[in-house]
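One structure is given below, encoded as structure tokens.
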Amino acid sequence: MGTVTAKYFYPVREISSARVFVNSSLISDSALTDSNGSFQFPELPPGHYSVNITADTYDPVDTTIEVVSDEAKTLAIEMPLIYRYELGTVLVGFKDSTTVESAFELFSSLNLTVKSLMGFDHQSNLPTDSLSFVRSALESKPYLTETDYTIFVADGVIRIVGGFNNLDSAKMADWERTKTQLEIVSVPSSYRDGNIQTESGQEIFWVCHLSNYQIVKWLVLDYYVPIGPSVNRCKH
470 MGTVTAKYFY
480 PVREISSARV
490 FVNSSLISDS
500 ALTDSNGSFQ
510 FPELPPGHYS
520 VNITADTYDP
530 VDTTIEVVSD
540 EAKTLAIEMP
550 LIYRYELGTV
560 LVGFKDSTTV
570 ESAFELFSSL
580 NLTVKSLMGF
590 DHQSNLPTDS
600 LSFVRSALES
610 KPYLTETDYT
620 IFVADGVIRI
630 VGGFNNLDSA
640 KMADWERTKT
650 QLEIVSVPSS
660 YRDGNIQTES
670 GQEIFWVCHL
680 SNYQIVKWLV
690 LDYYVPIGPS
700 VNRCKH
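Here my numbering is used: the first residue of the sequence shown is 470, the next is one more, and so on.
Below, the structure written as structure tokens:
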């Protein structure tokens, strides 16, 4: 028995419908993983087996096992996506209550460059007839206007929906002043993520390291483009 999961994903992503082949001089057999990424071969005779695992959009994995009589054997297989990742980039998902300030503080404390923070919604507590004033003030902020964002009135408040680009300490200080001026507060949203820049070759390290922080919900390498070499998983 065993499990098949995607390599370099946090939290763990199980792979369903992966085909697991086992082969020895005595027998050949195959099985499909279920929705939990699990598979089993309940009646394999003792011996040495080659194991091959294949799944759509993942690189195949080959390994070997030895089956001993009356001893359960468990395999934990990790499969890398066929697409490689963009070097120097890690995508980070945040828990719903995370603020721009706490996300930036985390990255800044680790000397990581913030390329973008998206899905961090806000509202202004100024009267709704101040909409034009709020919009005019925010349109002068390049770290906002470089992303898709909208300002509108909903449920009796001025809502600000969008993201932040290329944040640094000076821009965060300006944002703090702007929040005070426009009476802006953070509001919960269901999807918040960040794109951070790392040193080339350190992407896996940061996927593993950032998983230790409470505000982080998920982490993944940037698989949008098929570039970058395969690397070994970081060791704990």
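Glycine included, C-beta positions come from ideal geometry on N, C-alpha and C.
Alpha-carbon spacing of residue i relative to residue j, whole angstroms
| i | j | result |
| --- | --- | --- |
| residue 617 | residue 608 | 12 Å |
| residue 504 | residue 482 | 11 Å |
| residue 681 | residue 631 | 27 Å |
| residue 554 | residue 539 | 42 Å |
| residue 663 | residue 634 | 10 Å |
| residue 639 | residue 645 | 10 Å |
| residue 512 | residue 545 | 19 Å |
| residue 602 | residue 667 | 38 Å |
| residue 478 | residue 556 | 16 Å |
| residue 480 | residue 690 | 12 Å |
| residue 688 | residue 599 | 38 Å |
Residue i - partner residues in DSSP beta bridges
| i | result |
| --- | --- |
| residue 691 | None, per the DSSP bridge assignment. |
| residue 479 | 688 |
| residue 471 | 508 and 544 |
Own chain residues within Cβ distance below 7 Å of residue i, not counting five before or after
| i | result |
| --- | --- |
| residue 665 | 559, 561, 576, 581, 582, 583 and 584 |
| residue 485 | 502, 503, 504 and 506 |
| residue 636 | 573, 583, 586 and 612 |
| residue 517 | 493, 533 and 535 |
Chain-order list of residues whose beta-carbon lies under 8 Å from that of residue i (same chain, five-residue window excluded)
| i | result |
| --- | --- |
| residue 606 | 647, 650 and 651 |
Distance CB(residue i)-CB(residue j) smaller than 9 Å
| i | j | result |
| --- | --- | --- |
| residue 496 | residue 567 | no |
| residue 573 | residue 641 | yes |
| residue 487 | residue 532 | no |
| residue 530 | residue 547 | yes |
| residue 569 | residue 592 | no |
| residue 565 | residue 669 | no |
| residue 590 | residue 629 | yes |
Buried or exposed by the 16-neighbour rule on C-beta atoms within 10 Å, applied to residue i
| i | result |
| --- | --- |
| residue 660 | exposed |
| residue 672 | buried |
| residue 526 | exposed |
| residue 679 | buried |
| residue 549 | buried |
| residue 551 | exposed |
| residue 656 | exposed |
| residue 579 | exposed |
| residue 473 | buried |
| residue 537 | exposed |
| residue 491 | buried |
Nonlocal neighbours in the same chain, by C-beta distance under 6 Å from residue i, ignoring five residues either side
| i | result |
| --- | --- |
| residue 489 | 500, 508 and 522 |
Contact with chain B by residue i, beta-carbon distance below 9 Å
| i | result |
| --- | --- |
| residue 551 | Absent here is chain B; the protein component of the structure consists of one chain. |
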